[in-house]
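*Asks:* Going down the list, the protein sequences come from chains S and A.
Residue 515 in this note's numbering is what sits at position 2 of the first sequence, and the numbering runs on without skipping anything.
Residue 143 in this note's numbering is what sits at position 136 of the second sequence, and the numbering runs on without skipping anything.
Positions of the beta carbon are idealized from the N, C-alpha and C atoms, including for glycine.
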Amino acid sequence: MQRAATPRRLLAGCILVMLAAAPAAAQIEDQLSAYTGDNATGYLQPLADALGASLNDGAFASAHIPRSAFRLGLEVRLMGVYFGDDDRSFSATTEGGFSPVTEVDAPTIAGDGDAVVVDGDGGTQFAFPGGFDLNSFALVVPQLRVGGIMGSEALLRWASFEAGDSELGKIDLLGFGLRHSISQYMPAPKFDLAAGFLWQRFNIGENTNGDDLISTSAFSIGAQASKRFGGAITAEPFVGLSVDTFSMEVQYEPDEGELIDLEFEKSTNMHLTLGLGLNLKVLNLSAAYSIAGNNSFNLGMSLGNLGF
Amino acid sequence: MKAILRLLPVLLLTALLVTGLSSCLMKEKVVELVLTGTTSAEYSYNDITEEYDENVVLDFTEELNQVLEDADISRDEIESAFLVGVEYGAISLTGHDWTVSGHIQIERDGTGFQDLVIYTDQSIEAALGKRLSAPLETAGVTVINDAMNDFLAGDSPVLTLKLLGGNVTPDPSAGDPIVFTWKAWLTLQLTVEQTLEVPDPF
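#1: Assuming contact is defined by CB atoms lying nearer than 8 Å, are N818 of chain S and R584 of chain S in contact in what I supplied?
#2: Are the beta-carbon atoms belonging to T49 of chain A and T188 of chain A less than 8 Å from one another?
#3: Verify the CB distance criterion: does F573 of chain S have a CB-CB separation below 8 Å to chain A?
#4: How should T46 of chain A be labelled, buried or exposed, when 16 other C-beta atoms within 10 angstroms of its C-beta is the threshold for buried?
#5: Near T202 of chain A, which residues of its chain fall below 6 Å by C-beta distance, leaving aside the five closest residues on each side in sequence?
#6: Does the beta-carbon of H110 of chain A have 16 or more other beta-carbons within 10 angstroms, so that it is buried, or is it exposed?
#7: What is the DSSP secondary structure of Y802 of chain S, counted as helix, strand or coil?
#8: How would you write the range of the beta strand (DSSP E) that N811 of chain S sits in, first residue to last?
#9: Quick one: using the 10 Å Cβ neighbour count with 16 as the cut-off for buried, is N101 of chain A buried or exposed?
#10: Given a cut-off of 8 Å, decide if A191 of chain A and A134 of chain A are closer than it, judged by their beta-carbon atoms.
#11: Kindly indicate which residue of S:D774, S:N569, S:I684, S:T554 has the alpha-carbon position closest to the one of G709 of chain S.
#12: To the nearest angstrom, how far is the alpha carbon of N807 of chain S from that of Y556 of chain S?
#13: Cutting at 6 Å between CB atoms, please list the residues of its own chain near A667 of chain S, excluding the five before and the five after it.
#14: So, is the C-beta of N648 of chain S closer than 8 Å to a C-beta in chain A?
#15: Helix, strand or coil for Y59 of chain A per DSSP?
#16: Would you say Q112 of chain A reaches chain S, if we count a Cβ-Cβ gap shorter than 8 Å as a contact?
#17: How big is the Cα-Cα spacing for N62 of chain A and A566 of chain S?
#18: Exposed or buried, which one is D678 of chain S when buried takes at least 16 other CB atoms within 10 Å?
#19: Within 10 Å of its beta-carbon, does L787 of chain S have 16 or more other beta-carbons around it, so buried, or fewer, so exposed?
#20: Rounded to whole angstroms, what is the Cα-Cα separation between A685 of chain S and H693 of chain S?
#21: Along chain S, in chain order, which residues have C-beta atoms closer than 7 Å to that of V37 of chain A?
#22: Let's test the definition: count the other Cβ atoms within 10 Å of the Cβ of N174 of chain A and tell me whether it reaches 16, buried, or not, exposed.
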């Protein structure tokens, strides 16, 4: 069956956001209805890893923060992760009283779309749900940057969207970060240096109880360095090193009113970012690659006076 | 005003890029969805003999309809439907432990009961709060699988689950009645192939 694209869904796709983060939230809950505990965790683990890597990325494309010259930038960032072969399957065990208990390699959320069906006693069968056949995962987030006040800068990431009965479900992102220029205290800095943090909360979908299907939180603290080359238009290589944490919780109701609460293990990773920015007066473009628990990349575009 | 006019092409270009980017993010994928549902029956033992024979009509058709409704899928989209397994356990026990044997049987539309599960020497205390599984009997499984296929064809089969008690140790008596509640769960799955638009940008 082909599900029709509703106007609201198209709107969702066009306007913003990080819609890419919700691969058919309603269908995820359908697939999870076959699973409890370890199977559900294994099925969703690639999504948890990709969300953690993406959320903690794209917070900066420069370490240049003026001491007292107001700066404003409205930005769109795309943070992406490629799924590897290891992300496509996990070791799953039959459930639901299936006999005999059987262990197989079953698709994860990123894995093959075909279900894996095993035969049991007396004509019974157990179907391990198919994945969504994903090569990559991406978040597209809007963010507002305000800086140049006492050598400091604030970053706000926010989006909240209710996609009604479409496959995207509910999406709710809130992030807040602060950075402070370190190089302003250096006598003759050869490059810009800043340090700061970014906290985020990102919830996706809605379970049958009306609560969030997937709830995540991320925190990153680190330092960045960059240097501008050129005149009116500048190129700006940048580097960042941070410590990232990420936690994720999934609450769903497989059947009979039993709410399953999956808490994924909190991850902590070192995160190295290498990138290049191009400051074209009111438009700034940037691209970066990050080496962390899961490697990721990000592309950014900013409108404002950040490049001055 | 001049600054705003100068900014306008950039804004338009940005809107175009974001719109284009968003539509590129989504790709069509064929996904085999698995819908899972459970129907159950409860049996209250409160007796002074080991004989027990009670029937419960399952909400089989209602459960399958609910599963389909929750997933917004119609019967004719389903590719396959089957019984996954049967579990049983005690949900209450009054007094001391008992060891019981018995049969869980299934019947469709009054055509005669077939064995589904045969359990022996089961401690009630050990089954308290648990969902135990056991090898299933082909005859009973066939009844359920046939009923599911007929449901998909448009029928509304009525299934009745019987609990037939066997040996109980120690022997219940007027001074020591056996009092507990037994529950059986049937887990069912339906598979359906759908083409979904999912985010897969690169």
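*Replies:* Looking at the coordinates:
#1: If you number the first sequence from 1, residue 818 of chain S lands on position 305. If you number the first sequence from 1, residue 584 of chain S lands on position 71. A contact, by the Cβ cut-off of 8 Å.
#2: Working through the second sequence from its first residue, we reach residue 49 of chain A at position 42. Working through the second sequence from its first residue, we reach residue 188 of chain A at position 181. Here residue 49 of chain A turns out to be Glu, not Thr, going by the sequence shown. In this structure, T188 of chain A lies closer than 8 Å to E49 of chain A by Cβ.
#3: Residue mapping note: residue 573 of chain S aligns to position 60 of the first sequence, counting from 1. Not one chain A Cβ lies under 8 Å of F573 of chain S.
#4: Position 39 of the second sequence holds residue 46 of chain A. Within 10 angstroms of the beta-carbon of T46 of chain A lie 16 or more other beta-carbons, which makes it buried.
#5: The residue you call residue 202 of chain A lines up with position 195 of the second sequence. For T202 of chain A, where only same-chain residues beyond five positions count, the Cβ hits under 6 Å are E35, V37.
#6: For the purposes of this step, residue 110 of chain A is taken as the residue at position 103 of the second sequence. For H110 of chain A, the number of other beta carbons within 10 angstroms of its own is at least 16, and it is reported as buried.
#7: Numbered from its first residue, the first sequence carries residue 802 of chain S at position 289. It is a strand residue.
#8: Your numbering for residue 811 of chain S matches position 298 in the first sequence. Its beta strand (DSSP E) spans residues 809–817.
#9: Here residue 101 of chain A corresponds to residue number 94 of the second sequence, with the count starting at 1. This sequence places Thr at residue 101 of chain A; Asn is not what is there. Residue environment: T101 of chain A is assigned as exposed (fewer than 16 neighbouring CB atoms within 10 Å of its CB, all protein chains considered).
#10: Here the question's residue 134 of chain A lines up with position 127 in the second sequence. Here the question's residue 191 of chain A lines up with position 184 in the second sequence. No. Outside cutoff.
#11: As a working mapping, residue 709 of chain S is identified with position 196 in the first sequence. Closest by alpha carbon: S:N569.
#12: Indexing the first sequence from 1 puts residue 807 of chain S at position 294. Indexing the first sequence from 1 puts residue 556 of chain S at position 43. The alpha-carbon atoms of N807 of chain S and Y556 of chain S are separated by roughly 17 Å.
#13: For the purposes of this step, residue 667 of chain S is taken as residue 154 along the first sequence, with counting starting at 1. The answer, listed in chain order, is V659, L691.
#14: Position 135 of the first sequence, counting from 1, holds the residue named residue 648 of chain S. Yes, contact with chain A.
#15: Your numbering for residue 59 of chain A matches position 52 in the second sequence. Look at Y59 of chain A here: in three-state DSSP terms it is coil, with no helix or strand label.
#16: To locate residue 112 of chain A, count along the second sequence from 1; it is residue 105. Interface flag for Q112 of chain A against chain S is unset, since no Cβ pair is found closer than 8 Å.
#17: Position 55 of the second sequence holds residue 62 of chain A. Position 53 of the first sequence holds residue 566 of chain S. The alpha-carbon atoms of N62 of chain A and A566 of chain S are separated by roughly 54 Å.
#18: Working through the first sequence from its first residue, we reach residue 678 of chain S at position 165. Because the pLDDT of D678 of chain S is 49, which lies under 50, any placement of that residue in the model is unreliable, and the number read from its coordinates should be weighed accordingly. Looking at its Cβ environment, which holds fewer than 16 other Cβ atoms inside 10 Å, D678 of chain S is exposed.
#19: The residue you call residue 787 of chain S lines up with position 274 of the first sequence. With fewer than 16 neighbouring CB atoms inside 10 Å of its own CB, L787 of chain S falls in the exposed class.
#20: Locating residue 685 of chain S in the first sequence gives position 172, counting from the first residue. Locating residue 693 of chain S in the first sequence gives position 180, counting from the first residue. Before going on, a small fix: residue 685 of chain S reads as Asp here, not Ala. So the alpha carbons of these two residues sit roughly 27 Å apart.
#21: The count along the second sequence starts at 1 and reaches residue 37 of chain A at position 30. Neighbours of V37 of chain A on chain S, chain order: G626.
#22: Here residue 174 of chain A corresponds to residue number 167 of the second sequence, with the count starting at 1. So N174 of chain A ends up on the exposed side.
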